[in-house]
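In this text, residue positions in the sequence shown follow the working numbering: the first is -18, and each later residue adds one. All residues carry an ideal CB built from backbone N, CA and C; glycine is no exception. This report refers to the structure that appears directly beneath it.
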Amino acid sequence: ARLLKYSFYKRSFNYAIVLIRKKEARIKDKMNKYGYLALIVYVAIPLPIVGVYSGCIIAWLLNLPRRKSILAISIGAAISTLLVTLASVGIISAFFA
């Protein structure tokens, strides 16, 4: 039994994409200046839901160029890995205890 039809998902998804693209058009100058730095910081935060996959979705939604986005996401993932490694070894907790 289908609770919701496919067309509902399609309309909702298209509506969300249109809203995001309108917002992106309004903040294009700031995004060109700070977009990649914000993407690095977003991916580098070691929390659930935040990471490489969601960073890729954000880069796609904001129409960021693919090569620069991959580089920014890779740098963010490396920073996140470093933070988690330092926390598991105990180096970070020594500074915040």
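{"query": "Within the stretch -8 to 42, note down every full alpha helix (DSSP H) run reaching 4 residues or more, in order along the chain.", "result": "9 to 25, 33 to 42"}
{"query": "I need the boundaries of the alpha helix (DSSP H) containing G57, first residue and last residue.", "result": "47 to 70"}
{"query": "Going by other Cβ atoms of all chains shown within 10 Å of its Cβ, with 16 needed for buried, is S69 buried or exposed?", "result": "exposed"}
{"query": "Could you tell me the distance, in whole angstroms, from the CA atom of A6 to the CA atom of I73?", "result": "40 Å"}
{"query": "Assign V24 to buried or exposed, taking buried as 16 or more other Cβ atoms, counted over all protein chains shown, within 10 Å of its Cβ.", "result": "buried"}
{"query": "Hey, how far is the Cα of F(-11) from the Cα of I1?", "result": "18 Å"}
{"query": "If we count the other Cβ atoms within 10 Å of its Cβ and call it buried at 16 or more, is S50 buried or exposed?", "result": "buried"}
{"query": "Using a Cβ-Cβ cutoff of less than 6 Å, which residues in the same chain neighbour I21 once the five nearest sequence positions on both sides are dropped?", "result": "A53, I56, G57"}
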